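As they're listed, the protein sequences go chains E and W.
Going by our numbering, the letters in the first sequence line up with residues -19 to 276, in that order.
Going by our numbering, the letters in the second sequence line up with residues 624 to 1040, in that order.
Structure first, then comments.
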Amino acid sequence: MLLKFENVSKTYSNKKVVDNISFKLDKPSIFGFLGTNGAGKTTSIRMLLGIIKKDSGEITLDNKPINRRNINFGYMPEERGLYPKITIYNQLMYFSRLKGIHKKDADKEIKYWLNKLNMDEYINIDAEKLSKGNQQKIQFILAVMNNPDLIVLDEPFSGLDPVNTEVLKNVILDLVKKGKYIIMSSHQMMQIEEFCSDILILDKGKCVLQGNLNEIKNNYEIHKVEIITEENIEKHLNKLKLTNYTNVNNNYFINIKSKEEGMNLFDILIKNKVEILKFELKKPNLHDIFIERVGK
Amino acid sequence: MIDLFTVAKFTATEMFKKKSFQITLIILLLIVIIGFNIPNIMNFINKDSSNNNDNENNKNIVLVIDHENIYQDHLNYLNDMDLMVSFKVSENLKTNEELNELILKNEIKAAIRITEEDENINLEYITESIGLTGNILVDSTTFSELYKVVKLKELGLKEEDIFMINTPLSFEITELTSGESGGILAVAMFICVILFFAIYYCAYQVSSSITVEKTSKIMDTLITSTSPKSIVVGKTLGIGFVGLVEIIILILTGYISYKLFFPAGLLENNINITNITSIFFLIAIIYFLLGYTFYAFIYALTGSLVSKPEDVQQSGGLVAFVVLIGFYLSYFSMINPANSLNKLATFLPISSPFSVPARYITGAISLSELILSIIILILSIGLIAHVAIKIYSSAILNYGTKFSFKTMIEMFKQDNN
């Protein structure tokens, strides 16, 4: 399967909300779709899923224009919502039927997914009685229960407790192993770093960075050093004129200009017999890169 | 197509399950059953009150004192006048004290003292109290009529001549234009009101259902599962089906109640019901479905524009205004079947669902008018559905935007799905 987004644009009321963006998915993996609020992520996803039409560009699947009929997709939108006064089983069955799943198969799928996400006990409960996290898991089931080839997850972990986050992570990784193509939008950079092989960062509708995440990170130089000590090292930092740092309980994050500057600091601390528990030269993480690209 | 029926089935099933729907239906059924029992209830009350009246009548004695014999022994005729009052002519002169005692002992209800002064006849009505309503058992008209008889006799007229003079005149009305009046017109107006409520109530449910989906943020999931057209048309079908079932249940309950409880012949004797046939019911159902569909699509459009539940009333207000114009046009033009406004009400799609079935029952609509009205309504539904689905497709995923006619036109022009 080859999903291509080529030079796609969309304008609303004379404002270009998606400006000439391109990317492709050619192997089962998780593609990170990043951007600030209002950057154009949801509009791009809606164009991809055929909810709204693009103004220009091409969205193709195996070089044919994509539409609802030639791709089986699942979507977990950022706007969470369920029918409040309808039981979980009835609404899952309703959406299964809309997605063309036979009643018997839908019944099996519903029970399988509820069991997998530890939700069996809620099968006949009205959605409004579920916690926010559990409603979110139901939304996730809605996105994956038709065994889609392409799954779009918009902020899948927001609002989940650590236990449920872990459950969902494992399910998502399982889906990739099963050959699914996943596009994941999130503001939680740690999760994107953990999951995604490729990313795209949008800012005001424009792509400001895209590519393989490891390659992107490798292109950045060491810019920070993390030191954990049992004593205050501020006098040494001041001597070296390293004034841009944070210190919380002797856990230091110090901005440096080069690797050499970092190693020089290390030598001085050793010479002064400072007991170092941790010393790490750091390249920018995704959070730093994101802030650098869109936080100006 | 399958999606459309899935949406319709889901919508209908969930509506049937709603407690508010079940309670409303039960209340309506009770109203229908009680409505057809009103004559029985009235009979029961009347029987009860006529028994009471027998006892009461004994006490409804009015004592008439005519010691100057002004009425020349004609006072006995008072009891032949069927006035629900028993008159007793006093042979002895009663003082006010004596009358007071008789009234307080409840032996008489009131007394009338007749006197003559300067050729004027005076009637004095004596009672314990006339209360706030000013209620009296007999007024001066009865005595005036009787006094005329006394005087005519004095002039030498025979009883037959006096009877002939007092015979009431015959007064008949002939209508030159088509249409029935009286009872059947009341039935037609009743049907107009029932159709208005049925169509308005069901169509409003479409708006409500769409707003619930939008405000519960399920639209993104729904819109990626099926097309906007399937959602709007499916909902309209589902709620329309529920409305139709509700109406059929009510009609059947009405028919059974009519057969079981309604006094035989009462309706036929008072109203010309020759037009209340199975064809009438068919026409009523056709117009209910078409009228409902017409307004349901308009409500689908307004429902999709709303982002918050509290805005539902505001967005539906304009539609309610249109529905009311349609209803009042039908209702008030019906009062005069010869009025040309009836034709306007028959052909305008906003009023024809209320007007045509009601006009059919009065026999005031021709077949050609009926067919033309249905064609106009169907074409209007097609147009409204097209506009509603287009605007729905654009508006449904917009949250928080204040919609104006300008934005609606822009949305209509957008090429979505």
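Ideal Cβ placement from N, Cα and C applies to all residues, glycine included.
Small disclaimer: the values here were computed from a predicted structure and weren't measured.
Query raised in the report: By DSSP, does W/Met704 sit in helix, in strand, or in coil?
Result: If you number the second sequence from 1, residue 704 of chain W lands on position 81. Three-state result, W/Met704: helix.
Query - First through last residue of the beta strand (DSSP E) which encompasses W/Tyr748 - result: Locating residue 748 of chain W in the second sequence gives position 125, counting from the first residue. Run containing W/Tyr748: Asn743 to Thr750, per the beta strand (DSSP E) assignment.
Query - Whole-number beta carbon distance between E/Asn227 and E/Glu210, since they are thought to touch under 8 Å - result: Position 230 of the first sequence holds residue 210 of chain E. Position 247 of the first sequence holds residue 227 of chain E. Actually they are not in contact, since the Cβ atoms of E/Glu210 and E/Asn227 sit about 13 Å apart, beyond 8 Å.
Query raised in the report: Going along chain W, which residues have a C-beta under 8 Å from E/Glu38?
Result: Position 58 of the first sequence, counted from the first residue, corresponds to residue 38 of chain E. The premise fails here: E/Glu38 is roughly 16 Å from chain W at the closest Cβ pair, so nothing lies under 8 Å.
Query raised in the report: From E/Ile256 to E/Tyr232, what distance separates their C-alpha atoms?
Result: Within the first sequence, the letter at position 276 stands for residue 256 of chain E. Within the first sequence, the letter at position 252 stands for residue 232 of chain E. Straight-line Cα distance between these residues: approximately 11 Å.
Query - Inter-residue Cα distance where the pair is W/Gly888 and W/Pro976 - result: The count along the second sequence starts at 1 and reaches residue 888 of chain W at position 265. The count along the second sequence starts at 1 and reaches residue 976 of chain W at position 353. Cα atoms of W/Gly888 and W/Pro976: separation of roughly 30 Å, rounded to the nearest angstrom.
Requested in this report: Hey, could you find the ends of the beta strand (DSSP E) E/Val228 is sitting in?
Outcome: Residue numbering aside, residue 228 of chain E sits at position 248 when the first sequence is read from its first letter. Per DSSP, the continuous beta strand (DSSP E) segment holding E/Val228 begins and ends at Tyr225 to Val228.
Requested in this report: Spatial neighbours of W/Gln828 within its chain, please: CB distance less than 6 Å, with the 5 preceding and 5 following residues excluded, ordered by chain position.
Outcome: To locate residue 828 of chain W, count along the second sequence from 1; it is residue 205. Close CB contacts of W/Gln828 within its chain, under the 6 Å cut and outside five residues either way in sequence, are with Ile862 (chain order).
Report task. Consider the Cβ of W/Glu933: report whether some Cβ of chain E lies at a distance smaller than 8 Å. Result -> Along the second sequence, read from residue 1 onward, the residue named residue 933 of chain W stands at position 310. Answer no: the Cβ-Cβ gap between W/Glu933 and chain E never drops below 8 Å.
Query - Three-state secondary structure (DSSP) of E/Asp106 - result: As a position in the first sequence, residue 106 of chain E is number 126, starting the count at 1. Note: E/Asp106 maps to strand in three-state DSSP.
Requested in this report: Quick one: give me the first and last residue of the alpha helix (DSSP H) that E/Val124 is part of.
Outcome: As a first step, residue 124 of chain E is located in the first sequence; it is residue number 144 there, counting from the start. Counting along the chain, the alpha helix (DSSP H) containing E/Val124 begins and ends at Lys112 to Val124.
Query - For E/Met164: DSSP bridge partner residues - result: Along the first sequence, read from residue 1 onward, the residue named residue 164 of chain E stands at position 184. Under DSSP, E/Met164 shares a beta bridge with E/Gly12 and E/Leu133.
Query raised in the report: Looking only at C-alpha atoms, which of W/Ala968, W/Ile921 and W/Leu967 sits nearest to W/Ala1011?
Result: Indexing the second sequence from 1 puts residue 1011 of chain W at position 388. For the set W/Ala968, W/Ile921 and W/Leu967, the Cα lying nearest the Cα of W/Ala1011 is the one of W/Ile921.
Query raised in the report: In angstroms, rounded to a whole number, what distance separates the CA positions of W/Asn702 and W/Val712?
Result: By one-based count along the second sequence, residue 702 of chain W stands at place 79. By one-based count along the second sequence, residue 712 of chain W stands at place 89. W/Asn702 and W/Val712: Cα-Cα distance of roughly 10 Å.
**Report entry** Supposed contact pair E/Met56 and E/Gln119 - C-beta distance, whole angstroms, cut 8 Å
**Finding:** Within the first sequence, the letter at position 139 stands for residue 119 of chain E. Within the first sequence, the letter at position 76 stands for residue 56 of chain E. About 5 Å separates the two Cβ atoms, so the contact holds.
Query raised in the report: CB-CB under 6 Å to E/Val(-3), same chain, minus the five flanking residues each way: which ones, in chain order?
Result: Looking up residue -3 of chain E in the first sequence gives position 17. Sequence-distant Cβ neighbours of E/Val(-3) in its own chain, meaning closer than 6 Å and more than five residues away, are Lys(-10), Gly20, Thr23 and Gly185.
Requested in this report: Please compile the residues from chain W whose C-beta is within a distance smaller than 8 Å of the C-beta of E/Leu29.
Outcome: To locate residue 29 of chain E, count along the first sequence from 1; it is residue 49. The contacting residues are Thr847.
Query - Proximity test, Cβ basis, 8 Å: W/Ile1012 and chain E - result: By one-based count along the second sequence, residue 1012 of chain W stands at place 389. Taking Cβ atoms only, chain E never reaches closer than 8 Å to W/Ile1012, which makes this a no.
Requested in this report: May I ask which residues mark the beginning and end of the beta strand (DSSP E) holding W/Lys711?
Outcome: By 1-based counting over the second sequence, the position of residue 711 of chain W is 88. W/Lys711 -> beta strand (DSSP E) spans Ser709 to Val712.
Report task. Report the partner residues of W/Ala733 according to the DSSP bridge assignment. Result -> Numbered from its first residue, the second sequence carries residue 733 of chain W at position 110. BP columns for W/Ala733 point to W/Val685 and W/Thr750.
Query raised in the report: Straight-line CA distance for W/Tyr954 to W/Thr969?
Result: One-based indexing of the second sequence puts residue 954 of chain W at position 331. One-based indexing of the second sequence puts residue 969 of chain W at position 346. The alpha-carbon separation between W/Tyr954 and W/Thr969 amounts to approximately 11 Å.
Report task. State yes or no: is the beta carbon of E/Phe3 nearer than 8 Å to at least one beta carbon in chain W? Result -> Taking the first residue of the first sequence as 1, we reach residue 3 of chain E at position 23. Residue-level contact check: E/Phe3 does not touch chain W, since none of the beta carbons of chain W fall below 8 Å from its beta carbon.
Query raised in the report: Checking contacts by CB at 8 Å: is W/Glu637 closer than that to chain E?
Result: Residue 637 of chain W sits at position 14 when you count from the first residue of the second sequence. Chain E contact via Cβ: present.
Query raised in the report: What separation, rounded to the nearest whole angstrom, lies between the Cα atoms of E/Gly80 and E/Gly61?
Result: Numbered from its first residue, the first sequence carries residue 80 of chain E at position 100. Numbered from its first residue, the first sequence carries residue 61 of chain E at position 81. E/Gly80 and E/Gly61: Cα-Cα distance of roughly 21 Å.
Query raised in the report: Which word fits W/Ser801, buried or exposed, when buried means at least 16 other C-beta atoms lie within 10 angstroms of its C-beta?
Result: Walking along the second sequence from the start, residue 801 of chain W turns up at place 178. Confidence at W/Ser801 is low in this model, with a pLDDT of 49, below 50, so its placement is unreliable and no value can be given for it.
Query raised in the report: Distance, Cα to Cα, W/Lys1029 vs E/Tyr225?
Result: Counting from one through the second sequence, the residue named residue 1029 of chain W turns up at place 406. Counting from one through the first sequence, the residue named residue 225 of chain E turns up at place 245. When only Cα atoms are considered, W/Lys1029 and E/Tyr225 end up about 54 Å apart.
**Report entry** Residues of the segment 45 to 73 of chain E with Cβ closer than 7 Å to any Cβ of chain W, in chain order
**Finding:** Result list: Tyr55, Pro57, Glu59, Arg60, Gly61, Leu62, Tyr63, Pro64 and Ile66.
Report task. Give the single residue among W/Met665, W/Glu742, W/Leu716 and W/Ser850 whose Cα lies nearest to the Cα of W/Ile625. Result -> Indexing the second sequence from 1 puts residue 625 of chain W at position 2. Nearest of W/Met665, W/Glu742, W/Leu716 and W/Ser850 to W/Ile625, Cα basis: W/Ser850.
Query raised in the report: Going by other Cβ atoms of all chains shown within 10 Å of its Cβ, with 16 needed for buried, is E/Leu133 buried or exposed?
Result: Counted from its first residue, the first sequence places residue 133 of chain E at position 153. With 16 or more other Cβ atoms within 10 Å, it is buried.
Report task. Would you identify the three-state DSSP class for W/Pro851, choosing helix, strand or coil? Result -> Within the second sequence, the letter at position 228 stands for residue 851 of chain W. Correct three-state label for W/Pro851: helix.
Requested in this report: Indicate whether at least one CB of chain E lies closer than 8 Å to the CB of W/Ile841.
Outcome: Within the second sequence, numbered from 1, the residue matching residue 841 of chain W stands at position 218. Interface residue, yes.
**Report entry** Touching by the beta-carbon criterion (3+ pairs, under 8 Å), the segment 977 to 988 of chain W and the segment 808 to 819 of chain W
**Finding:** Result yes; three or more Cβ-Cβ pairs closer than 8 Å.
Query - Through-space distance from E/Phe53 to W/Asn1040, alpha-carbon basis - result: Translated into the one-based positions of the second sequence, residue 1040 of chain W becomes position 417. Translated into the one-based positions of the first sequence, residue 53 of chain E becomes position 73. In this prediction, W/Asn1040 has a pLDDT of 47, which is less than 50 and means its spatial position is unreliable; nothing more can be read from the coordinates.
Query raised in the report: Apart from the five residues on each side of it in sequence, which residues of its chain come closer than 6 Å, Cβ to Cβ, to E/Ile1?
Result: Counting from 1 along the first sequence, the entry for residue 1 of chain E is found at position 21. Sequence-distant partners of E/Ile1 (beyond 5 residues in either direction) whose C-beta falls short of 6 Å from its own C-beta, in its chain, are Val(-12) and Cys187.
Report task. Might you give, ordered along the chain, the residues of its own chain that have their beta carbon closer than 6 Å to the beta carbon of W/Gly914, omitting 5 neighbours on each side? Result -> As a position in the second sequence, residue 914 of chain W is number 291, starting the count at 1. Only Ile822 and Pro976 meet the Cβ criterion.
Requested in this report: Using beta-carbon positions only, say whether E/Leu75 and W/Thr844 come within less than 8 Å of one another.
Outcome: For this step, residue 75 of chain E is matched to residue 95 along the first sequence. For this step, residue 844 of chain W is matched to residue 221 along the second sequence. The residue asked about is misnamed: residue 75 of chain E is Phe in this sequence, not Leu. Less than 8 Å separates the beta-carbon of E/Phe75 from that of W/Thr844.
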